[in-house]
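So the sequence shown is residues 0 to 244, counted in numbering that gives the first Met the number 0. Glycine included, every Cβ here is placed at the ideal spot set by N, Cα and C. The structure displayed is predicted, hence computed values, not measured ones. Comments concern the structure below.
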Amino acid sequence: MGDWIRAANRLVLRADLPLTLQGGEPTLFSGFYRFVNDVKPEIKMDLMTNLMFDVDRFIKEVPVWRFTREAPYAAIRVSYHPDQNDINDLISKILKLQQAGFRVGLYGIEHPASEIRAHILEVQKRCQTMGLDFRLKEFLGEYDGAMYGTFKYDESVAAQTLKQCECRTTEIIVDPAGYVYKCHADLYNTRNPMAHILDAEFNEDSIDEFRDCSNYGTCNPCDVKVKTNRFQVFGHTSVEIRNIR
């Protein structure tokens, strides 16, 4: 736990750029509450969660200011999946967190299956009538033989043949062991970490360089989808790719 705190304290972030805790479910980590309390106060955090945790403990042990900053979206973002969590439970917990001073947003997937999509839209309408921030995300990946998603780079996802390229990330992607990857595809396959968060030579310049890749065509949809940036301006991608060959 001490290594994670030291690594986070090395960061020098702009006021509008947070350290995002995500997973899996980050609150399952045994050191979660120590981490959010012991990291230097200059570091603002975002939390991506399924909200299936004890919100009373969260309210008691987490300072509101840690997850408070100026942004066009909530610092605590809750994913709703009909087959995984219960919307009534989520709403109850979100209302409790908001009453305690936390800003919380709820997100659902625009699923291509008509029944699931209709349910998500119904839930969104219900939440909006309650004054809750419920936003939709694009479905990514293959469903019923068709590929869904708005991707910046052609044939970057689920391609039949691999190509080479150069790419760089706009994010620092770190696994539970502290290794840093240039994309989520590398992270999920535990291949080619480019650094460790405690490496003395790991700095802003090393993040910003393009790196060779021979796995173009198996990119993770989250990396190459066109989405909004932290200012909610559409057109952003998590990675930049060039010299595809």
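Reduced DSSP secondary structure (H/G/I, E/B, other) of Gln163: Locating residue 163 in the sequence shown gives position 164, counting from the first residue. DSSP places Gln163 in strand when its eight states are reduced to three.
For Ser78, three-class secondary structure by DSSP: The sequence position of residue 78 within the sequence shown is 79, counting from 1. Looking at Ser78 - three-state DSSP - the assignment turns out to be strand.
Per-residue DSSP class, three states only, for Ser213: Position 214 of the sequence shown holds residue 213. Strand at Ser213.
DSSP state of Ile196 mapped onto helix, strand, coil: Position 197 of the sequence shown, counted from the start, is the residue given in the question as residue 196. Reduced to three states, the DSSP call for Ile196 is coil.
Check whether Thr19 and Met44 have beta carbons under 9 Å apart: Here residue 19 is taken as the residue at index 20 of the sequence shown, counted from 1. Here residue 44 is taken as the residue at index 45 of the sequence shown, counted from 1. Their beta carbons are under 9 Å apart, which means Thr19 touches Met44 by this criterion.
Extent of the continuous alpha helix (DSSP H) run through Ala184: Reading the sequence shown from its first residue, position 185 is the one you call residue 184. Taken as a continuous stretch (DSSP letters only), the alpha helix (DSSP H) holding Ala184 covers 183-187.
Proximity below 9 Å, CB of Gln21 to CB of Leu46: Locating residue 21 in the sequence shown gives position 22, where the first residue counts as 1. Locating residue 46 in the sequence shown gives position 47, where the first residue counts as 1. Yes, the pair counts as a contact, with Cβ atoms nearer than the cut-off.
Assigned exposure category for Tyr187 - 16 Cβ within 10 Å defines buried: Along the sequence shown, one-based indexing puts residue 187 at 188. Exposed.
Classification of Trp3 by the beta-carbon crowding that lies within 10 angstroms, buried from 16 upward: Start at 1 with the first residue of the sequence shown, and residue 3 comes out as number 4. Classification for Trp3: buried.
Residue closest to Glu113, alpha-carbon to alpha-carbon, out of Asp143, Pro175, Ile171: If you number the sequence shown from 1, residue 113 lands on position 114. One detail in the question is off: residue 113 reads as Ser in this sequence, not Glu. When each option's Cα is compared against that of Ser113, the closest is Asp143.
Cβ neighbour criterion (16 or more within 10 Å) applied to Arg65: Translated into the one-based positions of the sequence shown, residue 65 becomes position 66. Classification for Arg65: buried.
Contact set for Ala287: own chain, Cβ-Cβ below 8 Å, skip 5 residues either direction: Absent from the structure is residue 287, since the part of the chain shown begins at 0 and ends at 244.
Residue interval of the beta strand (DSSP E) (run including Ala145): Mapped onto the sequence shown, residue 145 falls at position 146. Counting along the chain, the beta strand (DSSP E) containing Ala145 begins and ends at 145-147.
Residue burial classification, Ala145 (beta-carbon count within 10 angstroms, cutoff 16): In the sequence shown, residue 145 corresponds to position 146, counting from 1. Exposed is the call here.
Three-way DSSP call (helix, strand, coil) for Leu120 in this model: Position 121 of the sequence shown, counted from the first residue, corresponds to residue 120. Looking at Leu120 - three-state DSSP - the assignment turns out to be helix.
Neighbourhood of Lys226 by C-beta, 6 Å cutoff - its chain only, sequence neighbours within 5 removed: The residue given as residue 226 occupies position 227 in the sequence shown. Closer than 6 Å at Cβ, skipping near neighbours: His235.
Anticipated Cβ contact below 8 Å, Cys182 with Phe209, distance rounded: Working through the sequence shown from its first residue, we reach residue 182 at position 183. Working through the sequence shown from its first residue, we reach residue 209 at position 210. Contact doesn't hold; Cβ gap of about 12 Å is too wide.
Exposure of Ser205, with buried meaning 16 or more beta-carbon neighbours within 10 Å: Start at 1 with the first residue of the sequence shown, and residue 205 comes out as number 206. Label assigned to Ser205: exposed.
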